[in-house]
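In our numbering, the protein residues as written are 171 to 686.
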């Protein structure tokens with residue numbers, strides 16, 4: 171157990187203190203618990219700890235107080251060993267929208283060696299020159315040279331897709347080096363680098379948990395190190411283009427521009443989310459979605475997770491929660507409603523790709539076969555990820571209903587009846603007439619307005635019978651349902667894979683867990 175100290179740049183009225191367990195998990199502790207943990211050195215008894223804590227805390231703390239805090243607060247979360255000296259079984263949290271199926275690839279020793287090489291890129295003069303160069307690059311690219319020929323070259327020569335894929339993978343890895351180097355430049359120790367699955371996309375990650383010991387500037391440097399290194403890659407790519415005149419490199423720069431924008435999305439655990447978290451000084455804002463939304467209800471007293479925030483931080487977090495909750499409800503809702511169309515399209519595409527890839531290899535078209543194999547892989551992984559996301563949501567709902575209704579059989583039965591009814595209605599919405607059950611068409615655009623129109627069509631088989639039943643109950647004749655046109659399904663967007671910690675292909679950084 172390592173006691174880090176006060177969380178610097180905190181957005182809390184009373185700044186929390188940080189401790190790092192043996193498994194690497196960083197915990198937030200109130201000052202009193204932190205002092206008890208600091209004085210429990212294995213030699214002092216409860217009376218001696220109580221006297222030492224009272225001197226530092228400024229208020230009287232008894233030996234019984236220390237015993238209760240140790241047994242009910244510190245030992246269950248692994249800060250203190252059990253009374254018999256054994257170590258408790260530790261559980262790491264699985265926060266919402268976290269990176270899954272992690273596999274460490276680069277050990278900490280090698281990561282530190284890599285950061286030594288890249289350290290000069292964070293010297294102030296180098297950073298200033300790089301930012302000026304990046305602004306000049308964008309001005310030249312979008313207002314002088316243009317991007318059309320880069321796109322045309324890529325489409326006319328499919329072999330470049332393999333080159334493009336290799337460059338994207340390398341840039342994602344260098345993105346992670348940026349996070350690790352920013353972490354070490356500030357004085358913290360980066361951990362392993364690895365790969366995982368974020369939502370539906372494969373992703374790189376870097377463990378930069380130790381950056382929590384840094385001040386706000388150091389944490390922001392760590393957060394922005396990835397996109398900063400993306401900018402350096404663009405400048406290097408531009409230099410190669412000026413020497414070789416390969417137009418496909420212009421498309422590489424364009425793709426990296428979109429990846430930078432993608433990383434700044436604040437609604438997912440990407441770089442933008444961690445920037446907001448470190449600007450406000452609230453480590454895991456996702457954990458505050460439910461209490462913040464509950465505090466907006468009339469007559470509800472705000473929970474501790476809301477009232478403990480500073481006034482301006484509370485406003486920022488509330489706005490973030492409002493927009494993030496709306497985004498998640500929309501994204502998950504549309505995914506569930508249009509899952510049959512997405513699955514049908516993915517299945518048909520998978521079969522067609524397998525056929526074309528096999529034919530290419532049979533005709534000794536190695537390049538086309540390699541591109542096809544890559545497409546099969548890139549289609550299969552998101553499909554698996556989509557299934558895993560759906561399973562995770564169902565698992566969380568069932569576990570939440572089971573734990574929150576323990577000892578209340580009526581509430582438990584009601585919860586599962588409601589979930590069963592919702593699942594039945596969703597299944598009914600998934601079984602429309604055959605004319606509506608089709609894959610995504612070339613004419614579908616997948617806009618937000620189109621997705622809402624599609625939702626009403628998909629839900630028609632559910633809403634119409636309910637309306638008829640309600641009409642019979644109240645004694646009025648049911649309205650004649652208007653014929654609906656075949657459902658138009660929203661096209662799933664293919665976002666570039668972020669490079670993880672946590673940026674899903676960005677840096678996957680475990681967030682401090684509040685002590686119970």
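We put the beta carbon where it would ideally sit given N, CA and C, even for glycine. The structure displayed is predicted, hence computed values, not measured ones.
Contact check, residue i vs residue j, beta carbons under 9 Å
i: residue 239; j: residue 206; result: yes
i: residue 361; j: residue 281; result: yes
i: residue 317; j: residue 420; result: yes
i: residue 366; j: residue 507; result: no
i: residue 452; j: residue 483; result: yes
i: residue 303; j: residue 202; result: no
i: residue 479; j: residue 491; result: no
i: residue 549; j: residue 512; result: no
i: residue 444; j: residue 389; result: yes
i: residue 327; j: residue 262; result: no
i: residue 138; j: residue 351; result: Because residue 138 is not part of the residues shown, which for the chain are 171 to 686, the question remains open.
i: residue 553; j: residue 516; result: yes
i: residue 200; j: residue 225; result: no
i: residue 347; j: residue 407; result: no
Whole-Å CB distance - residue i paired with residue j, under 8 Å assumed
i: residue 345; j: residue 399; result: 6 Å
i: residue 434; j: residue 494; result: At roughly 14 Å, the Cβ-Cβ gap does not stay under 8 Å, so residue 434 and residue 494 are not in contact.
i: residue 283; j: residue 364; result: That belief does not hold up - the Cβ atoms of residue 283 and residue 364 are roughly 17 Å apart, past 8 Å.
i: residue 571; j: residue 594; result: No, residue 571 and residue 594 are not in contact; Cβ-Cβ is about 16 Å, not under 8 Å.
i: residue 260; j: residue 193; result: 5 Å
i: residue 518; j: residue 545; result: That pair is no contact at about 14 Å.
i: residue 559; j: residue 440; result: So it is not a contact: roughly 16 Å between Cβ atoms.
i: residue 457; j: residue 465; result: Contact doesn't hold; Cβ gap of about 14 Å is too wide.
i: residue 568; j: residue 502; result: That belief does not hold up - the Cβ atoms of residue 568 and residue 502 are roughly 16 Å apart, past 8 Å.
i: residue 581; j: residue 575; result: 4 Å
i: residue 450; j: residue 181; result: 5 Å
Limits of the unbroken beta strand (DSSP E) element including residue i
i: residue 198; result: 196-199
i: residue 372; result: 371-376
i: residue 363; result: 363-368
i: residue 190; result: 187-190
i: residue 176; result: 172-176
8 Å CB neighbourhood of residue i in its chain, flanking five on each side removed
i: residue 540; result: 332
i: residue 653; result: The predicted model places residue 653 with a pLDDT of 37, which falls under 50 and marks its position as unreliable, so this point remains unresolved.
i: residue 543; result: 527
i: residue 223; result: 202, 205, 206, 209, 231, 236
i: residue 334; result: 324, 418, 421, 422, 425
i: residue 175; result: 187, 188, 383
i: residue 214; result: 222
Residue interval of the alpha helix (DSSP H) (run including residue i)
i: residue 428; result: 418-433
i: residue 275; result: No alpha helix (DSSP H) holds residue 275; the beta strand (DSSP E) holding it covers 270-276.
i: residue 382; result: It is not in any alpha helix (DSSP H) - residue 382 carries neither H nor E in the DSSP assignment.
i: residue 491; result: 481-507
i: residue 356; result: Counting along the chain, residue 356 falls outside any alpha helix (DSSP H), and DSSP gives it neither H nor E.
i: residue 461; result: 459-465
i: residue 294; result: 294-310
i: residue 320; result: 318-326
i: residue 238; result: 233-239
i: residue 446; result: 441-450
i: residue 249; result: From DSSP, residue 249 is part of no alpha helix (DSSP H); its letter is neither H nor E.
i: residue 226; result: 216-227
Cutoff 7 Å; reference residue i; Cβ partners in own chain excluding five residues on either side
i: residue 216; result: 233, 236, 237
i: residue 349; result: 376, 378, 392, 395, 396, 677
i: residue 402; result: 291, 300
i: residue 341; result: 400, 403, 426
i: residue 463; result: 491, 495
i: residue 530; result: 538, 539, 542
i: residue 218; result: none
Contacts around residue i, its chain only, beta-carbon distance under 6 Å, and the 5 residues preceding and following it disregarded
i: residue 337; result: 422
i: residue 178; result: 385
i: residue 358; result: 380, 381, 383, 384
i: residue 417; result: 319, 320, 323
i: residue 330; result: 324, 418
i: residue 655; result: Because the pLDDT at residue 655 is just 37, under 50, the model does not fix this residue reliably, and the value given afterwards should be weighed accordingly. Cβ within range, chain order: n/a, list empty.
i: residue 173; result: 189, 208
i: residue 271; result: 366, 367
i: residue 353; result: 360, 378, 381, 392
Counterpart residues of residue i in DSSP-defined beta bridges
i: residue 182; result: 479
Any non-hydrogen atom of the ligand SAM closer than 8 Å to residue i Cβ
i: residue 369; result: With respect to small molecules bound, the structure shown includes none, and the ligand SAM cannot be examined in it.
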